[in-house]
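Asks: One structure, pasted below without further comment.
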Amino acid sequence: MVDLKVKIDNLEIKNPVMTASGTSGFAEELMDFYDVSKLGAVLLKGTTLKNRDGNPYPRMAETASGMLNAVGLQNKGIDYFIENIYPKIKDYGTQLILNVNGSTVEEYIELTEKVNELENINAIELNISCPNVKEGGMAFGVSCVGAEAVTKAVRDVYKKTLIVKLSPNVTDIADIARSVEAQGADSVSLVNTFLGMAVDAEKRVPRLSTITGGLSGPAIKPIALRMVWQVYNAVKIPVIGLGGIMNAEDAIEFMLAGATAIQVGTAIFKDPFTPLKVVKGIEEYLEKHHISSASELTGALKWQ
Amino acid sequence: MVDLKVKIDNLEIKNPVMTASGTSGFAEELMDFYDVSKLGAVLLKGTTLKNRDGNPYPRMAETASGMLNAVGLQNKGIDYFIENIYPKIKDYGTQLILNVNGSTVEEYIELTEKVNELENINAIELNISCPNVKEGGMAFGVSCVGAEAVTKAVRDVYKKTLIVKLSPNVTDIADIARSVEAQGADSVSLVNTFLGMAVDAEKRVPRLSTITGGLSGPAIKPIALRMVWQVYNAVKIPVIGLGGIMNAEDAIEFMLAGATAIQVGTAIFKDPFTPLKVVKGIEEYLEKHHISSASELTGALKWQ
Amino acid sequence: MGKKAVQDFIVIENRALNSSNFYIKVKSEFKLPDLKPGQFVNIDIKDSSEVFLRRPFSIFEVNTSENTIAIIVKVLGRGSKKLTEVKVGDVCNIVFPLGKGFTIPQSDERILLIGGGSGVAPMLFLSKVCGLPPENLNLLLGARTGEDHVNVDEYKKYGNLYFTTEDGSLGEKGFVTQHSIFTSNLKAFDKIYACGPDAMMKAVAKEAKAANVFCEVSLENLMACGIGVCLCCIEPTIHGNKCVCSDGPVFNINELKW
Amino acid sequence: MGKKAVQDFIVIENRALNSSNFYIKVKSEFKLPDLKPGQFVNIDIKDSSEVFLRRPFSIFEVNTSENTIAIIVKVLGRGSKKLTEVKVGDVCNIVFPLGKGFTIPQSDERILLIGGGSGVAPMLFLSKVCGLPPENLNLLLGARTGEDHVNVDEYKKYGNLYFTTEDGSLGEKGFVTQHSIFTSNLKAFDKIYACGPDAMMKAVAKEAKAANVFCEVSLENLMACGIGVCLCCIEPTIHGNKCVCSDGPVFNINELKW
Ligand SMILES: Cc1cc2nc3c(=O)[nH]c(=O)nc-3n(C[C@H](O)[C@H](O)[C@H](O)COP(=O)(O)OP(=O)(O)OC[C@H]3O[C@@H](n4cnc5c(N)ncnc54)[C@H](O)[C@@H]3O)c2cc1C
Ligand SMILES: Cc1cc2nc3c(=O)[nH]c(=O)nc-3n(C[C@H](O)[C@H](O)[C@H](O)COP(=O)(O)OP(=O)(O)OC[C@H]3O[C@@H](n4cnc5c(N)ncnc54)[C@H](O)[C@@H]3O)c2cc1C
Ligand SMILES: Cc1cc2nc3c(=O)[nH]c(=O)nc-3n(C[C@H](O)[C@H](O)[C@H](O)COP(=O)(O)O)c2cc1C
Ligand SMILES: Cc1cc2nc3c(=O)[nH]c(=O)nc-3n(C[C@H](O)[C@H](O)[C@H](O)COP(=O)(O)O)c2cc1C
Ligand code: FES
Ligand code: FES
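Residue numbers (the working numbering), protein chains in the order written: chain U, 2 to 305; chain V, 2 to 305; chain Z, 4 to 261; chain R, 4 to 261.
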């Protein structure tokens with residue numbers, strides 16, 4: 002029997018597989034297919050202080066081995082979540098991690114204080130990297146100063162595990178990672194989507210209502226993997242890797258490059274069972290290679 | 002009859018289709034398939050002052066809808082080029098553009114002075130964005146200061162059309178584009194490859210000898226297209242767009258987003274005829290849509 | 004749990020209905036759940052270097068004893084083209100059942116079903132299973148030319164069939180909203196259902212609203228997930244943005260911001 | 004110009020030679036150019052969501068009157084697997100002819116051809132066309148077990164056949180370099196040719212070098228373009244890095260830095 006457990010700071014997770022925020026709703030939809038308690042964690046939909054309608058339709062465009070989205074953080078706000086959703090999902094038997102988003106540092110603080118009160122939410126993922134909102138969002142994530150400011154403010158009020166989600170749309174992601182580590186982040190997750198664009202050549206219009214949107218899926222995997230490797234070599238806190246993971250082999254590549262845990266995003270759209278299949282595949286890989294615990298994979302890449 | 006001619010500064014090219022540097026050798030290999038005089042321009046292999054052996058094997062890894070390379074500017078140096086290659090290719094009947102690379106500003110200057118003397122080379126593409134060399138290369142391309150320094154130095158000695166090739170591995174590519182425009186660049190081409198990585202999960206080793214390498218192909222197209230759009234909206238000089246162009250439809254998307262001309266790179270590996278097919282496809286598109294000249298496509302995207 | 008499934012089906016039939024529409028029937032080795040008109044399936048397009056996401060198709064026919072589902076596929080782009088190239092015996096991976104169906108009319112109601120293009124599929128399914136006396140059910144199908152109409156002779160037994168074509172080659176000339184059964188007295192119907200191109204559904208909805216007749220339409224917004232997790236397929240409604248895939252694809256027109 | 008082509012071929016045969024090797028024959032509607040043993044073709048793997056680049060395969064058989072080319076494909080990963088699923092009648096897009104061939108021996112020379120795995124293909128092609136008297140030609144093929152050996156009975160008429168298997172189930176037990184014909188007197192050969200796994204070719208090269216016998220090997224470095232423009236397939240030689248696709252794939256071992 003192999004040991005699949007891994008730890009993100011004090012957070013124990015039963016296996017290294019999480020769903021990515023914005024790609025698995027509030028886990029309820031996945032429950033139509035299988036019991037999410039088999040997953041390490043579910044990253045809940047990006048939540049803001051107030052209701053957000055998000056961007057106009059069309060919000061998505063298919064690209065080569067990937068897709069662009071311009072959802073723009075549509076959600077009903079934290080109070081609605083606490084009253085109407087949290088009670089339904091809190092006993093799903095997996096770690097629930099809320100993805101929190103603000104347009105100002107104050108919003109992040111106010112939001113975090115509310116999440117502090119939720120007993121069954123043991124970690125938050127601070128999204129400072131959403132490319133699909135005009136105010137805040139990625140603006141914080143693309144400079145060390147911005148990333149530091151949000152992380153510090155939230156760290157001061159948030160007592161449980163603080164994961165900061167990094168934007169890949171930067172010159173030096175290791176720099177940003179070091180900055181948020183210095184401000185007390187317990188972990189970093191990367192990557193969020195890459196800012197991209199799609200054009201309808203026949204109609205001569207952009208394919209997204211917002212012209213540009215966030216690229217995800219296997220297309221971005223090589224860049225995401227490189228960033229995880231760079232960040233793993235730059236910080237001491239655990240790294241959560243994601244970006245184009247479609248199967249266990251991809252997940253293992255991220256772990257070898259330095260990830261302690263991984264998230265499955267867009268692959269869920271192709272097959273909602275993907276996260277579950279990845280758990281199984283990691284287990285089989287460990288058995289086949291006579292490795293006793295998943296945590297041994299982290300950074301186990303051999304080079305030079 | 003539609004008019005395919007476009008202009009990059011004073012450089013007249015018979016159609017907007019160029020081959021990308023490093024993906025079409027010195028054009029000789031393409032001549033085994035067809036007459037390159039049918040193309041707008043051929044971007045010659047990245048050339049340095051002295052001979053460079055490049056990186057060790059393995060230098061490439063296939064990825065989802067793309068590939069990583071770690072060639073590392075293998076070439077025999079400018080003097081070898083001038084003596085042994087230039088005489089053979091100078092009358093190919095298309096614009097020949099040399100891609101020049103240095104590790105120091107001085108090297109760029111010395112190299113450029115030599116290229117100045119070559120009558121049938123009417124433009125250079127300044128590569129400040131190669132991710133596959135340790136010294137120089139991308140280092141210049143990821144900061145405005147670096148990009149400015151090289152561009153200014155080369156502009157002072159180079160009299161013909163100066164194209165600067167930008168790195169996509171930056172937070173704000175429009176910023177870099179504005180910097181090189183201010184230093185006298187006649188045009189910018191983008192994008193070079195994205196820094197990426199691939200791992201062999203079974204062997205637990207990197208797939209490239211250099212661990213990381215440059216990602217190209219359709220996978221990167223949405224990001225490249227977005228960058229072309231941003232740069233087009235930031236500068237007045239003509240933009241040359243590339244990154245994942247596989248067919249005429251892709252090429253037209255780049256032109257609509259703001260490119261005056263486009264380059265075909267990795268697609269040549271799949272089919273050496275791709276650049277020729279793109280010329281034909283653009284011609285057909287213009288006819289079908291009753292557009293009289295290719296230059297009308299530039300920035301013709303309709304939005305808001 | 005287990006309300007929805009991802010399952011391999013085997014293709015047992017694939018034939019051209021006309022130049023651009025194909026009839027594809029797939030069989031499961033498992034018992035099918037209850038499937039309602041208006042619901043859809045999300046199909047993995049295998050072996051395509053160009054298609055990344057699944058493609059949604061309305062359920063057209065269901066045979067619960069044979070465990071088969073049939074769909075009508077109109078060739079539009081890369082994915083639908085590829086899908087129509089499947090051969091008998093091929094495996095077809097499907098996520099289902101997705102979305103909510105139409106409101107089933109009561110047995111004494113008079114209804115009008117309007118289908119355009121591949122939108123005929125859910126209309127035909129609904130006319131077959133709603134259990135109305137044929138005289139109460141009116142099926143109006145629109146297309147560009149007679150050739151674009153797929154053969155629906157079989158459906159004569161479920162109700163009255165009417166056609167429009169833009170060139171007048173079959174049925175009345177013009178759009179569905181110009182057909183006499185539509186223009187004469189819309190209030191004569193208790194319920195109107197429509198599926199087809201956006202422009203057609205909007206035209207229908209406008210008249211139905213004016214006549215104050217119950218009307219449901221089935222939307223075909225672009226989808227990424229099909230299961231309500233991505234929020235890409237949204238349609239603005241009076242209750243805010245709703246997901247076409249999970250809150251729809253069937254909407255009452257009074258809810259829409261058309 | 005026109006020295007190389009990108010052409011659609013039609014698959015006219017595809018059969019399993021054993022559990023992991025397939026024989027695939029394709030036909031062109033155009034006249035084939037002259038094709039030499041050691042040259043290769045670069046094949047587009049159609050309809051695969053996982054394969055992006057072409058895959059190179061050595062030419063195994065050529066029929067210039069029928070305009071057919073045959074290759075032997077060993078299933079290794081995604082691309083080779085997919086390729087072996089082609090059906091008679093399928094279109095197969097090929098870039099060819101690529102690379103330089105082996106040095107053809109003179110008619111009075113004694114040669115030893117050594118093939119391992121899918122490396123048998125160019126060896127068999129060479130033995131067929133080099134025009135030597137059969138007594139001068141020795142073909143030594145290595146594999147893990149007897150099952151891994153493809154049937155080469157036909158080639159008996161071109162020379163002497165020898166086999167090795169790691170488990171001793173066919174021919175001599177061990178690696179090719181342990182076979183008696185190899186260990187007895189290497190100097191008896193004027194020329195040695197080898198194609199197969201790197202380790203095998205390196206072992207052969209070492210002995211050939213020691214015995215000072217002419218030896219050519221055919222390399223299978225990973226390729227992106229296959230036509231000499233990308234510089235991905237390089238092999239260090241005494242004259243610097245050379246492209247396996249355009250300077251090779253055949254190299255004299257004295258040139259290599261092995
Ligand atoms: C709930 C639902 C039910 C459907 N039922 C059917 C059905 O029964 N039969 C049928 O033939 N089709 C049906 N469709 C539409 C079908 O899913 C699309 O035609 C198909 O996805 C097109 O894929 P493609 O790869 O061929 O086109 P692509 O190559 O992806 O696109 C070609 C062009 O069409 C546009 N396009 C693609 N899909 C849509 C869309 N859904 N709406 C508007 N424009 C689009 C693209 O933007 C592009 O410009 C349904 C769609 C939905 C959402
Ligand atoms: C000049 C030349 C001639 C060849 N002739 C033949 C032939 O006649 N018959 C034949 O069966 N094969 C031949 N090959 C090898 C063949 O091209 C590869 O087996 C094939 O490309 C593997 O593709 P894949 O998609 O199945 O493997 P992938 O899924 O791409 O790879 C599977 C694994 O194998 C490794 N791998 C893939 N290709 C190679 C390679 N070329 N060398 C070493 N490791 C590799 C990958 O790194 C990966 O770990 C030849 C190669 C060259 C360069
Ligand atoms: C439709 C969609 C919505 C997303 N919404 C969010 C979000 O609300 N918050 C967030 O941090 N990331 C969001 N993401 C980004 C994903 O969580 C993930 O970082 C990204 O998609 C890369 O992973 P993948 O390639 O596995 O999808 C979203 C992605 C998609 C495709
Ligand atoms: C094998 C290879 C070698 C390359 N060499 C160079 C080079 O020498 N100089 C340069 O500016 N770009 C080089 N590039 C980058 C390409 O010119 C191009 O910018 C990039 O590949 C993106 O375009 P594509 O997706 O069409 O290939 C190289 C790319 C590849 C794949
Ligand atoms: S398609 Fe994802 S929510 Fe509807
Ligand atoms: S594979 Fe491109 S140079 Fe050999």
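By construction, the Cβ of each residue, glycine as well, lies at the ideal position given by its N, Cα and C atoms.
Does any CB atom of chain V fall closer than 8 Å to the CB of R:A227?
Replies: yes
Asks: Return the residues of the segment 258-289 of chain U that lie within a Cβ-Cβ distance of less than 9 Å from chain Z, sorted by chain order.
Replies: T267, I269, F270, K271, D272, P273 and F274
Asks: Are V:V158 and V:T194 close, meaning C-beta to C-beta below 8 Å?
Replies: no
Asks: How many Å lie between Z:C133 and Z:Q109 at the Cα?
Replies: 8 Å
Asks: What is the rounded straight-line gap between the Cα of V:K89 and the Cα of V:I83?
Replies: 10 Å
Asks: Determine whether the beta carbon atoms of V:Y109 and V:V101 lie at a separation below 8 Å.
Replies: yes
Asks: I want to check one thing, is the minimum distance from the CB of Z:C235 to the heavy atoms of ligand 3 below 7 Å?
Replies: yes
Asks: Measuring only between beta-carbons, confirm whether Z:K7 sits less than 8 Å from chain U.
Replies: yes
Asks: Of all the residues that make up the segment 194-216 of chain V, which are near chain U by a beta-carbon distance shorter than 7 Å?
Replies: Cβ contacts with chain U: F195, L196, G197, M198, A199, V200, A202, R205, V206, P207, I212, T213 and L216.
Asks: When you compare the CB of U:N234 with every CB in chain Z, is at least one pair closer than 8 Å?
Replies: no
Asks: At the 8 Å Cβ level, is U:Y66 part of the contact set with chain Z, yes or no?
Replies: First, the residue type needs correcting, since residue 66 of chain U is Ser and not Tyr in the sequence shown. Chain Z, which has a Cβ nearer than 8 Å to the Cβ of U:S66, makes this yes.
Asks: With 7 Å as the limit, tell me which residues of the segment 41-52 of chain V have their beta carbon closer than that to any beta carbon of chain R; keep them in chain order.
Replies: none
Asks: Assign Z:P125 to buried or exposed, taking buried as 16 or more other Cβ atoms, counted over all protein chains shown, within 10 Å of its Cβ.
Replies: buried
Asks: Assess, as a yes-or-no matter, whether the segment 204-224 of chain V is touched by the segment 209-220 of chain U under the definition of 3 or more beta carbon pairs within less than 8 Å.
Replies: yes
Asks: So which residues of chain R does V:E309 contact, with C-beta pairs closer than 7 Å?
Replies: Here chain V covers residues 2 to 305 and nothing more, so residue 309 of chain V does not appear.
Asks: Does any CB atom of chain R fall closer than 8 Å to the CB of Z:S83?
Replies: Contact with chain R is absent for Z:S83, since none of that chain's Cβ atoms lies less than 8 Å from the residue's Cβ.
Asks: Taking Cβ positions, are U:I263 and U:I164 nearer each other than 8 Å?
Replies: no
Asks: Taking Cβ to Cβ, would you say U:L40 is nearer than 8 Å to U:A295?
Replies: In this structure, U:A295 does not lie closer than 8 Å to U:L40 by Cβ.
Asks: Between the beta-carbon of U:G26 and the beta-carbon of U:K51, is there less than 8 Å?
Replies: no
Asks: Could you name the residues of the segment 40-57 of chain R whose beta carbon sits closer than 7 Å to any beta carbon of chain Z, in the order they occur along the chain?
Replies: D50, S51 and S52
Asks: Taking 7 Å as the limit between beta carbons, can you name the residues of its chain near U:N123, skipping five residues before and five after?
Replies: L12, Q96, K161 and T162
Asks: For V:V280, which residues in the same chain have their Cβ closer than 6 Å to its Cβ, ignoring the five residues on either side in sequence?
Replies: N16 and V18
Asks: What residue from Z:G120, Z:I256, Z:V153 and Z:L20 has the CA that sits closest to Z:A208's CA?
Replies: Comparing alpha carbon positions, the residue from Z:G120, Z:I256, Z:V153 and Z:L20 closest to Z:A208 is Z:I256.
Asks: Under three-state DSSP, which class holds R:C218?
Replies: strand
Asks: Would you say R:A227 touches ligand 6, meaning its beta carbon is less than 7 Å from a heavy atom?
Replies: yes
Asks: Strictly under 8 Å for the Cβ-Cβ distance: is U:S25 near chain B by that measure?
Replies: You won't find chain B in this structure, because its protein chains are U, V, Z and R.
Asks: Determine the chain U residues that contact Z:C95 at a beta-carbon separation under 8 Å, and present them in chain order.
Replies: Going along chain U, no residue has its Cβ under 8 Å from Z:C95, so there is no contact; the nearest lies around 14 Å.
Asks: For Z:P40, count neighbouring Cβ atoms within 10 angstroms of its own Cβ and tell me buried if that reaches 16, exposed if not.
Replies: buried
Asks: In or out: V:T49 buried (at least 16 other Cβ within 10 Å) or exposed?
Replies: Around the C-beta of V:T49, 16 or more other C-beta atoms lie within 10 Å, and the residue is accordingly described as buried.
Asks: Answer with buried or exposed for Z:V91, where buried requires no fewer than 16 other C-beta atoms within 10 angstroms of its C-beta.
Replies: exposed
Asks: Report the rounded CA-to-CA distance for U:A186 versus U:I98, giving the unit in angstroms.
Replies: 15 Å
Asks: Given a threshold of 16 other Cβ atoms within 10 Å of its Cβ, counted over all protein chains shown, does R:M67 qualify as buried or as exposed?
Replies: In the sequence under discussion, the amino acid at residue 67 of chain R is Thr, which differs from the Met named in the question. R:T67 is exposed by the Cβ-count criterion.
Asks: Report yes if the CB atom of U:A258 is closer than 8 Å to the CB atom of V:M198, and no otherwise.
Replies: yes
Asks: Is R:G82 near ligand 2, going by C-beta to nearest heavy atom under 7 Å?
Replies: Relative to ligand 2, R:G82 has its C-beta within less than 7 Å of a heavy atom.
Asks: Assuming V:P169 and V:M228 are in contact, meaning their beta carbons sit under 8 Å apart, how far apart are those beta carbons, in whole angstroms?
Replies: 6 Å
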